[in-house]
Amino acid sequence: MKIAHISDLHFGAHDPVVVDALAAHLIEAGPHLVIASGDITQSATETEFAAARAFFDALPMEVFVIPGNHDLPGMDLTRFVNPFKRYKHHLTDDLDPELAAGPVHIKGINTARRILPHWNWANGAVSAKQRREIARTFEAATAPWRLLVLHHPLMSPKEFPLDITVFNSKALLQTITDQRVDIVLAGHQHHAYIETRQEVTHKTLFVSASTGTSTRIRHQPQGFNLLEFTDTTLRIDQLRYADGRFTTFEAHTHTKPVVSG
Ligand SMILES: [Fe+2]
Ligand SMILES: [Fe+2]
147 MKIAHISDLH FGAHDPVVVD ALAAHLIEAG PHLVIASGDI TQSATETEFA AARAFFDALP
207 MEVFVIPGNH DLPGMDLTRF VNPFKRYKHH LTDDLDPELA AGPVHIKGIN TARRILPHWN
267 WANGAVSAKQ RREIARTFEA ATAPWRLLVL HHPLMSPKEF PLDITVFNSK ALLQTITDQR
327 VDIVLAGHQH HAYIETRQEV THKTLFVSAS TGTSTRIRHQ PQGFNLLEFT DTTLRIDQLR
387 YADGRFTTFE AHTHTKPVVS G
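In our numbering, the protein residues as written are 147 to 407.
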């Protein structure tokens with residue numbers, strides 16, 4: 147079971163050459179599923195969403211998508227009246243999707259908010275209702291791997307700490323531990339890294355992707371992740387863009403931790 151994790155496509159601030167390289171790579175690699183972890187557009191315009199829709203439609207596999215902070219309109223009335231209207235119209239109605247895909251049970255949570263009790267509305271939040279939904283999802287899941295998808299990361303890369311606030315993240319981390327979530331996919335920072343959180347009985351991998359296609363690069367070029375699951379093993383390839391194509395720059399293999407208790 148192969149899953150491609152792409153993020154922060156930022157249609158509207160995208161590099162069309164990189165978009166074509168990403169589409170070609172995904173078609174060639176043929177993962178069963180593509181997960182897009184938010185910031186699909188740059189400014190949440192109709193044109194940008196239509197371009198994103200066309201990109202997804204050109205892929206032969208299913209796409210699992212959640213919104214990011216850039217998928218809400220800026221300071222116009224739509225942001226406050228119906229913030230996800232365009233996202234829903236062009237992509238999907240479901241902001242917190244769920245999918246059982248072979249050995250992986252996947253839950254997505256929308257962490258982007260129209261307004262936050264913070265000066266920076268690019269930050270994220272998770273609600274008590276969403277945490278209950280995560281719990282309900284994974285209590286009923288029977289797949290060996292449990293995967294949660296967020297736009298805002300809960301960890302920071304050691305080499306590139308960023309001040310990102312996710313409101314109620316402490317409670318969410320507890321839910322992740324309680325529900326023995328194996329992998330948390332995220333984006334937002336435009337920086338690929340893997341952090342591990344080892345609890346007494348469980349290990350969670352926090353896997354972030356760089357921007358897939360945007361010109362908004364920071365310390366890394368564009369990139370994405372390929373995850374290949376068996377019932378007991380996971381290989382993660384981190385790919386980077388250079389000279390017209392994406393290639394693996396690091397690969398990691400993990401085994402399913404033994405759960406006790
Ligand atoms: Fe982004
Ligand atoms: Fe973001």
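The C-beta atom is built at its ideal place from N, Cα and C for all residues, glycine as well.
Between ligand 2 and H400, a heavy atom-to-CB distance of less than 6 angstroms is absent.
Counting only residues of its own chain and dropping the five nearest sequence neighbours on each side, G158 has a CB closer than 7 angstroms to the CB of T187, Q188, S189, T191, E194. With a threshold of 6 angstroms, the Cβ atom of D185 counts as near ligand 2, since some heavy atom of the ligand is closer than that.
Three or more pairs of CB atoms, one per stretch, sit closer than 8 angstroms, so the region 328-338 contacts the region 147-164. Counting along the chain, T224 sits inside the alpha helix (DSSP H) bounded by residues 223-227.
The C-alpha of V209 lies about 30 angstroms from the C-alpha of K304. Cβ contact annotation for D328 (same chain, cutoff 6 angstroms, sequence separation greater than five): W291, R292, in chain order. Exposure of R391 is indicated by the presence of fewer than 16 other C-beta atoms within 10 angstroms of its C-beta. Excluding sequence positions up to five before and after I261, its CB lies within less than 8 angstroms of the CB of F226, W267, all in the same chain and listed in chain order. Each of A167, H216, D161, A286 was checked against the Cα of V250, and the nearest Cα belongs to A286. Leaving aside the five residues that flank G220 on each side, the residues in its chain whose CB is nearer than 7 angstroms to its CB run, in chain order, S189. Within the same chain, Cβ atoms closer than 8 angstroms to the Cβ of I310 are found at N269, G270, H298, P299, S302, H334, Q335, the five residues on either side in sequence being excluded. When DSSP states are grouped into helix, strand and coil, T283 belongs to the helix group. Close CB contacts of F284 within its chain, under the 8 angstroms cut and outside five residues either way in sequence, are with H251, K253, R292, Q325, R326, V327 (chain order). The criterion of a C-beta distance shorter than 7 angstroms is satisfied by T350 and I322.
Inclusion of F352 and E345 in the CB contact set at 7 angstroms is not warranted, their separation being larger than that value.
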